[in-house]
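Q:
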Ligand code: ATP
Ligand code: MG
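Residue numbers (this note's numbering): 3 to 356.
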């Protein structure tokens, strides 16, 4: 029997509701597929910060490294500034394990209404591939006020050939593997950002020459934002820098219905470290503890995880159960226009797994 061990990091807020929901789904689907899944849960996050002064212990990465994969809920607390929660937990894992790919699929499921009219189920089917380790989020710079009466802040982006090349190559490989529209769109703002993004554009052209079977398009980020709304069905794989990928993947998530449905994967394609799977949404303090959060984004993230762990059939069966619940339209949480609870939706997914 194949054995896989999963680290669970429910984290904060609704993370503590949606991760246990996904665990139930994984347990049932693993048992059916003959895959033995073991789980270790780490109660790191804001409560840990209040108790210990740190979001997670110093040996956290070592302890996570013992697992095949990580499933995270969310980190964030209204009483702790975002830079502390993010820099205390999510970013050290992404950077420490060099999880340089952030893959965010957006798919319009049957039974889900897009704010854009006229799209059939499946017509919008894209993946935003966000660079996850450098670019605009390198946070190099400083406040410059010694010699000037005005306040001046400098914020530098860092683009390396290594960083651009590996994320762009991943996007082309993904377009081949998906075998959908076989297209990669690259997003920059190289008319105004004359160095890093010019390097990105140049590397995109170089790498594209190695993939003559894949169609390409280069868009400025403003045009891309417009086209995500005007012609979302034309996109397949979209590759973008850290900042632009962050923004565009919120847009692609809402265009396909709800942030409560959007999964994401932080991947190390070389598999030197465990990859991390999570919903795109955050801890949602406004609804936390009420049992009404939508668990489907995390359940879909668990499906992505099983695919990455070499269990595509488990992945497909979990996604199929989610599809069935959505198409039924009877058991939905409030973000999708329903009145059901997290537990109801989880039970409905489990029933469809049978
Ligand atoms: P964080 O600081 O952790 O990012 P946030 O409140 O800034 O939290 P989100 O958690 O992404 O951001 O929430 C944005 C909005 O979407 C909130 O109003 C929240 O209630 C809603 N929302 C997010 N996730 C879900 C979900 N899984 N189910 C239902 N509603 C959700
Ligand atoms: Mg937030």
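In this text, a Cβ means the ideal position worked out from N, Cα and C, and glycines have one as well.
Quick check: the Cα distance between residue 271 and residue 176, rounded to an integer number of angstroms?
A: If I take the Cα positions, the gap works out to 11 Å.
Q: As a quick exercise: from 164, 163, 143, pick the residue whose alpha carbon is nearest that of residue 154.
A: Closest by alpha carbon: 143.
Q: Measuring alpha carbon to alpha carbon, tell me which residue in 329, 288, 124, 96 is nearest residue 279.
A: If we check each option's Cα against that of residue 279, 96 comes out closest.
Q: Give, in chain order, every unbroken run of the beta strand (DSSP E) that is at least 3 residues long and sits entirely within the region 116-142.
A: Those beta strand (DSSP E) runs which fall completely within the region 116-142 and span 3+ residues are 127-133.
Q: For the ligand ATP, I want to know if residue 22 counts as a neighbour, meaning its beta carbon is within less than 7 Å of at least one of the ligand's heavy atoms.
A: No, the Cβ of residue 22 stays beyond 7 Å of every heavy atom of the ligand ATP.
Q: Let me know the secondary structure DSSP gives residue 277 once reduced to three states.
A: Note: residue 277 maps to strand in three-state DSSP.
Q: Report the start-end ranges of each alpha helix (DSSP H) in the region 61-108 that is 4 residues or longer and not cut off at the edges.
A: Taking only runs of at least 4 residues, the alpha helix (DSSP H) segments lying wholly in the region 61-108 are 62-67, 84-87, 93-98.
Q: Could you pull the start and end residues of the beta strand (DSSP E) that residue 38 belongs to?
A: Residue 38 -> beta strand (DSSP E) spans 37-43.
Q: Mind checking which residues open and close the beta strand (DSSP E) that includes residue 266?
A: Residue 266 -> beta strand (DSSP E) spans 265-269.
Q: Following a CB-centred definition, is residue 36 positioned closer than 7 Å to any heavy atom of the ligand ATP?
A: Answer for residue 36: no, Cβ out of range of the ligand ATP.
Q: Measuring only from the beta carbon, is residue 342 closer than 7 Å to any heavy atom that is part of the ligand ATP?
A: No, since every heavy atom of the ligand ATP falls outside the 7 Å radius drawn around the Cβ of residue 342.
Q: Verify whether the separation of the beta carbon atoms of residue 111 and residue 135 is less than 8 Å.
A: No, the Cβ-Cβ distance between residue 111 and residue 135 is not below 8 Å.
Q: Grouping DSSP H, G and I as helix and E and B as strand, with all else coil, what is residue 311?
A: Reduced to three states, the DSSP call for residue 311 is coil.
Q: The alpha helix (DSSP H) that contains residue 192, what's its start and end?
A: Taken as a continuous stretch (DSSP letters only), residue 192 belongs to no alpha helix (DSSP H), as it is neither H nor E.
Q: Using only the alpha-carbon positions, how far apart do residue 185 and residue 267 sit?
A: Residue 185 and residue 267: Cα-Cα distance of roughly 20 Å.
Q: Using DSSP with H/G/I as helix, E/B as strand and the rest coil, what is residue 327?
A: Helix, per DSSP.
Q: What is the residue span of the alpha helix (DSSP H) that residue 349 lies within?
A: Looking at the DSSP string, the run of the alpha helix (DSSP H) that includes residue 349 is 344-355.
Q: Under a three-way DSSP split, which group does residue 295 fall into?
A: Here residue 295 sits in coil by DSSP.
Q: Just to confirm the assignment, what range does the beta strand (DSSP E) spanning residue 219 have?
A: Its beta strand (DSSP E) spans residues 217-222.
Q: In the structure shown, what three-state DSSP assignment does residue 245 receive?
A: Residue 245: helix per DSSP, three-state reduction.
Q: State the Cα-Cα distance for the pair residue 292 and residue 31, rounded to the nearest angstrom.
A: Their backbone Cα atoms lie some 27 Å apart in a straight line.
Q: Under 6 Å Cβ to Cβ from residue 9, same chain only, skipping five residues before and after it: list those, please.
A: Same-chain partners within the cutoff: 42, 66, 69, 72.
Q: In its own chain, which residues sit with a C-beta less than 6 Å from the C-beta of residue 330, not counting the 5 before and 5 after it?
A: Excluding sequence neighbours, residue 330 sits near nothing in its chain.
Q: I want to check one thing, is the minimum distance from the CB of residue 348 to the heavy atoms of the ligand ATP below 7 Å?
A: Because no heavy atom of the ligand ATP lies under 7 Å away, the Cβ of residue 348 does not count as near it: no.
Q: The alpha helix (DSSP H) with residue 9 in it runs from where to where?
A: No alpha helix (DSSP H) holds residue 9; the beta strand (DSSP E) holding it covers 4-13.
Q: Using 8 Å as the Cβ pair cut-off and three pairs as the minimum, do the region 19-31 and the region 346-355 touch?
A: The region 19-31 vs the region 346-355: in contact.
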